[in-house]
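A.B. asks:
There are 2 protein chains.
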Amino acid sequence: MIIKQLNIGIIGLGTVGTGVIETLEQKTKILKKKYNLNINILGISAKNKNKKRGFNIKKYNWYDNPLDIIEIPNINIIVELIGGSSGLALKIAKKTLTKKKHLITANKALLAVYGKQLSKTAKKNDVNICYEAAVAGAIPIINILENRMLSENITNICGILNGTCNYILSKMDEENLNFETALKNAQNEGFAESNPFDDISGNDSAYKLVILTNLIFSSNFKIKDVYIEGITRVSNIDLEMANKLGYKILLLGISNIKNKVIQLRVHPCLVSQSSLLAKVKNELNAVITDGDMSGKNFFIGKGAGKKPTAASIISDIISFDNSKKRKLSNTMEKEATFKKANMLERKGKFYLRMAVLDKPGVLADITSYFKKKKISISSMFQLENKISGYVQLIFVTHNILEKQLILTIKKIEKIDKVKTKVNLIRIENNL
Amino acid sequence: MIIKQLNIGIIGLGTVGTGVIETLEQKTKILKKKYNLNINILGISAKNKNKKRGFNIKKYNWYDNPLDIIEIPNINIIVELIGGSSGLALKIAKKTLTKKKHLITANKALLAVYGKQLSKTAKKNDVNICYEAAVAGAIPIINILENRMLSENITNICGILNGTCNYILSKMDEENLNFETALKNAQNEGFAESNPFDDISGNDSAYKLVILTNLIFSSNFKIKDVYIEGITRVSNIDLEMANKLGYKILLLGISNIKNKVIQLRVHPCLVSQSSLLAKVKNELNAVITDGDMSGKNFFIGKGAGKKPTAASIISDIISFDNSKKRKLSNTMEKEATFKKANMLERKGKFYLRMAVLDKPGVLADITSYFKKKKISISSMFQLENKISGYVQLIFVTHNILEKQLILTIKKIEKIDKVKTKVNLIRIENNL
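Heads up: the sequence lines are chains A and B, in that order.
With the working numbering, you'll find the first sequence wraps up at 432, consecutive numbering, no jumps.
With the working numbering, you'll find the second sequence wraps up at 432, consecutive numbering, no jumps.
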């Protein structure tokens, strides 16, 4: 039996890069036995050579300049794990592909911005880009979309795409922690970066949504095409009220198509407690596909972390031979054009919360605006406990055009007894 | 651009076979555009030529003898959809492989019995067996196990593998239907066969469990190695009591490995309502993998039906070129040997229900046996309503060896005031 030699270079040795090397060290024998394969790491590189890592860097050839690794003649694959949507990561990606090496990356920002361009370069050079680890960690959603569901007309993809946000919302909900404490816990547990902006702003989810959308629809959407709202406006009262109303609040990325118009959005959603998604807690991610053949498929697993992400990368490494005919490189450069839907044209139910003065007539003033605009309310609550001296009012609407609601909300916010901006959270049915 | 020609024959034109042809007819253009591919059906065959079907059979070459289709010289793939663990299906499979054609099949019974043998034949003839549709319908679990999770050491695979049973249990639970009515509904809705024996007996789940287990562990387990219990002993009282105790009752197939000992079992389980599995209702299937890298991954989708199953078959057809280096054909013939665990050696919690005479002392008699054998009870209920004149007693145990419990149950059943066999349902934690 001939043992196949696979020569790789690894650039970026943070949590994930270290996880890949540790795992390859631990599993050398079993991988050889199972796949007749030796995976040889011919070069490694990272920003800081002297950082303490879980493996002995002296066992590997260190390159101060990561671009030099790509020059190693018999290298097959470059694994890029430094992150960032441009700069060095982009340079590495471009050079890898033009030097006719395969690229494996977990870099969602890079792919969301330069995915189409890089896939054209890959195609031209007859190599592949594999990026299972870039979206939803251990969930093999990229492989499923590229190699399965081949006759499926997917009209909707939706998911919990950011483990940090899901962890924070879970902890706020279940342990009644406030946002700051929940975030700090997430950081302590390694589920959030020291700078959590990309996570809590919804940007990270938007990167992943753009990648999934472009893969499914062969489109070329960009981050700017996504309506993005983070989780910072979700408060403990909202989570508590959602529970009372039979919902959970989740940060979802949603992309759906109707009549060649695609809507891409990332925002907190109220999701029915009877939905499977409502059970996806803490750092777990979830992806739901909805298609004409199979209906809904749910994929749920760890969205981040050292080992789950390393597992996806190693699967990409081992199967890279199989991936020669991967759909992505084909579909991604055949660009389809779609219109982008405007959020204001979306119809749905809404949860609204506002703080008002405890004075007679305030409710009548607010509801008269709803009546005038024919906004039908399905439930209304007034919380017993005041917050900062104000009464909290909660309304749940029936289906209504977002545009129409926004106009009414602007008017309501002008009522002098209404003391805060209206906190609007969309209700997502059919999940 | 060269359009690739893929020539297939389809044997078996029931629901699934018809679904495949209808879909290929409807999607000819889009598949050609997306994959540069023409899928040509060169021959069809089924038991009954004159049955009314959703497509015009006159458009295709009909073969009275299905084996003749395999002789068509330029055919690439035979799709076998007649079912059955031996007989004609086995003949078709063998001939297909020895004639060096690829085999696509949804036949779980055949694969559970002859999978290892057929995969050796496939390997010898350098062709593939693809069988995504044989397990869990639209859920791409076979592909995931073959092409992803390649560094994963899976120690546990578990699932709701039979849509009929899940549908029946859901309806009994949520609509309080009795077993017979729920089964009839399942049949009317097309989720159960007219002869439901294989489904409700647990055999169908066992076939699928054997296939998954042998794929993961490169083992060669047979149906006889699986402990099998169907759903007929689950009553509406049990479902109701399970709800009160915070559980749902599901028919699960479970295969787990510990110290090279594998336990394979299919039986009703009490699963915590907080588990994702508890939300998998009606005809949905679910598979959970648990591994050292990614932890738990959940895959949930339609387990049966015309379109979901056709979707898996068509993905197998389109991707058959990619599958040349599939892991299965390698792993399945490299046989690993494991010991089989005895159910009696399993430790767990149990739910027990028994009908007793409403006489003083009966509870003391029963509990004295528990005490004698040091079986610790975590909760006990006596239902207010008698059934057929008997009082229903329910016990939930703490962790205990099954062997020890069974011995005690035998003694309890001999108490003359105990009027029925003890209904034992295992509680499955960690799901």
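Cβ atoms here follow ideal geometry from the backbone N, Cα and C, with glycine treated the same way.
The structure displayed is predicted, hence computed values, not measured ones.
Residues in the segment 149-173 of chain A with C-beta within 7 Å of chain B's C-beta atoms, listed in sequence order?
C.D. replies: Hits within the stretch, in order: R149, M150, L151, S152 and E153.
A.B. asks: Got a sec: is the Cβ-Cβ distance from I294(A) to anything in chain B below 7 Å?
C.D. replies: It is worth fixing the name first, because residue 294(A) is Met in this sequence and not Ile. M294(A) counts as touching chain B.
A.B. asks: Pull up the distance between the alpha-carbon of K311(B) and that of G15(B), whole angstroms please.
C.D. replies: The sequence given here has Ala at residue 311(B), not Lys. Their Cα atoms are separated by approximately 11 Å.
A.B. asks: Of all the CB atoms in chain B, is at least one closer than 7 Å to the CB of L216(A)?
C.D. replies: Chain B contact via Cβ: absent.
A.B. asks: Starting from the beta carbon of S320(B), find every residue of chain A whose beta carbon is closer than 7 Å, and list them in chain order.
C.D. replies: Going along chain A in sequence order, the residues near S320(B) (Cβ under 7 Å) are N148 and L151.
A.B. asks: Is there a C-beta anywhere in chain B that falls below 7 Å from the one on I130(A)?
C.D. replies: Not one chain B Cβ lies under 7 Å of I130(A).
A.B. asks: Whose C-alpha, out of V267(B), I158(B) and I145(B), is nearest the C-alpha of T313(B)?
C.D. replies: According to the sequence as given, residue 313(B) is Ser; it is not Thr. Of V267(B), I158(B) and I145(B), the residue nearest in Cα terms is I145(B).
A.B. asks: In whole angstroms, what is the alpha-carbon distance linking Y64(B) and V80(B)?
C.D. replies: Taking the straight line from one Cα to the other gives about 14 Å.
A.B. asks: Return the Cβ separation of G247(A) and S273(A) in integer angstroms, given the expectation that the two are a contact with Cβ distance under 8 Å.
C.D. replies: The pair is a contact, with the Cβ atoms about 6 Å apart (cut-off 8 Å).
A.B. asks: Would you call the CB atoms of L394(A) and Q405(A) closer than 7 Å?
C.D. replies: Their beta carbons are not under 7 Å apart, which means L394(A) does not touch Q405(A) by this criterion.
A.B. asks: Using 7 Å as the limit for Cβ to Cβ distance, is F299(A) near chain B?
C.D. replies: Output row for F299(A): interface = yes.
A.B. asks: Curious, which full-length alpha helix (DSSP H) runs of at least 4 residues does the segment 25-51 of chain A contain?
C.D. replies: Counting whole runs of 4 or more residues, the segment 25-51 of chain A contains the alpha helix (DSSP H) stretches 29-36.
A.B. asks: Give the interface partners of L277(B) over in chain A, defined as CB-CB distance under 7 Å, in chain order.
C.D. replies: Those within 7 Å of L277(B) in chain A are L277, K280 and I301.
A.B. asks: Specify the secondary structure class of G10(B) as computed by DSSP and reduced to three states.
C.D. replies: The answer is strand: DSSP assigns G10(B) an E or B state.
A.B. asks: Based on the DSSP secondary-structure assignment, which residues constitute the bridge partners of F351(A)?
C.D. replies: Looking at the DSSP assignment, F351(A) forms a beta bridge with R427(A).
A.B. asks: Measure the Cβ-Cβ separation of L162(B) and S202(B) and say whether it is below 7 Å.
C.D. replies: Contact flag unset, no.
A.B. asks: Where do the ends of the alpha helix (DSSP H) carrying F218(A) lie?
C.D. replies: Segment N204 to F218, the alpha helix (DSSP H) holding F218(A).
A.B. asks: Between the alpha carbons of D226(A) and G20(A), how many angstroms are there, rounded?
C.D. replies: Whole-angstrom Cα-Cα distance: 34 Å.
A.B. asks: What are the uninterrupted segments assigned as alpha helix (DSSP H) that are 4 or more residues long and contained completely in the segment 78-146 of chain A, given in chain order?
C.D. replies: Qualifying alpha helix (DSSP H) stretches, in chain order: 88-99 and 109-125.
A.B. asks: Between which two residues does the alpha helix (DSSP H) carrying P309(B) extend?
C.D. replies: Counting along the chain, the alpha helix (DSSP H) containing P309(B) begins and ends at K307 to I319.
A.B. asks: From T106(B), Y36(B) and H103(B), pick the residue whose C-alpha is nearest to that of L151(A); which is it?
C.D. replies: Of T106(B), Y36(B) and H103(B), the residue nearest in Cα terms is Y36(B).
A.B. asks: Can you tell which of N186(A), F218(A) and G302(A) has its C-alpha closest to the C-alpha of Y168(A)?
C.D. replies: Residue N186(A) is the option with its Cα nearest to Y168(A).
A.B. asks: How is the beta strand (DSSP E) around V262(B) delimited, first residue to last?
C.D. replies: Here the beta strand (DSSP E) through V262(B) covers V262 to S273.
A.B. asks: Listed in chain order, which residues of the segment 91-115 of chain A have Cβ atoms closer than 9 Å to some Cβ of chain B?
C.D. replies: Listed by position, the residues of the segment 91-115 of chain A near chain B (Cβ gap below 9 Å) amount to none.
A.B. asks: Measuring CA to CA, which of N260(A), V281(A) and V288(A) is closest to G254(A)?
C.D. replies: The shortest Cα separation from G254(A) among N260(A), V281(A) and V288(A) belongs to V288(A).
A.B. asks: Name the DSSP beta bridge partners of V392(A), please?
C.D. replies: V392(A) is bridged to V357(A).
A.B. asks: Using a Cβ-Cβ cut-off of less than 7 Å, list which residues of the segment 6-28 of chain B approach chain A; keep chain order.
C.D. replies: Residues passing the 7 Å Cβ filter: T24 and K28.
A.B. asks: Do F192(A) and T156(A) come within 7 Å of each other at the CB atom, strictly closer than that value?
C.D. replies: The answer is no: Cβ separation not under 7 Å.
A.B. asks: For a test of the three-state rule: what should DSSP assign to F198(A), helix, strand or coil?
C.D. replies: Helix, per DSSP.
A.B. asks: Taking only beta-carbon atoms, is P309(B) less than 7 Å away from chain A?
C.D. replies: At least one chain A Cβ lies under 7 Å of P309(B).
A.B. asks: How far does the beta strand (DSSP E) with F56(B) in it reach, from first residue to last?
C.D. replies: Unbroken run through F56(B): none, as it is neither H nor E.
A.B. asks: Nearest-angstrom Cα distance between D127(B) and G116(B)?
C.D. replies: The straight-line gap from Cα to Cα measures roughly 16 Å.
A.B. asks: Count the other C-beta atoms from every protein chain shown that fall within 10 angstroms of the C-beta of T29(A), then say buried if there are 16 or more, exposed otherwise.
C.D. replies: With fewer than 16 other Cβ atoms within 10 Å, it is exposed.
A.B. asks: In this structure, how does DSSP classify M294(A) when only helix, strand and coil are distinguished?
C.D. replies: Looking at M294(A) - three-state DSSP - the assignment turns out to be coil, as it is neither helix nor strand.
A.B. asks: So that I know if they touch, is there some Cβ in chain A lying closer than 7 Å to that of A312(B)?
C.D. replies: A312(B) counts as touching chain A.
A.B. asks: So L32(A) contacts chain B; which residues on that side make the cut at Cβ distance below 7 Å?
C.D. replies: Per Cβ cutoff of 7 Å: S152.
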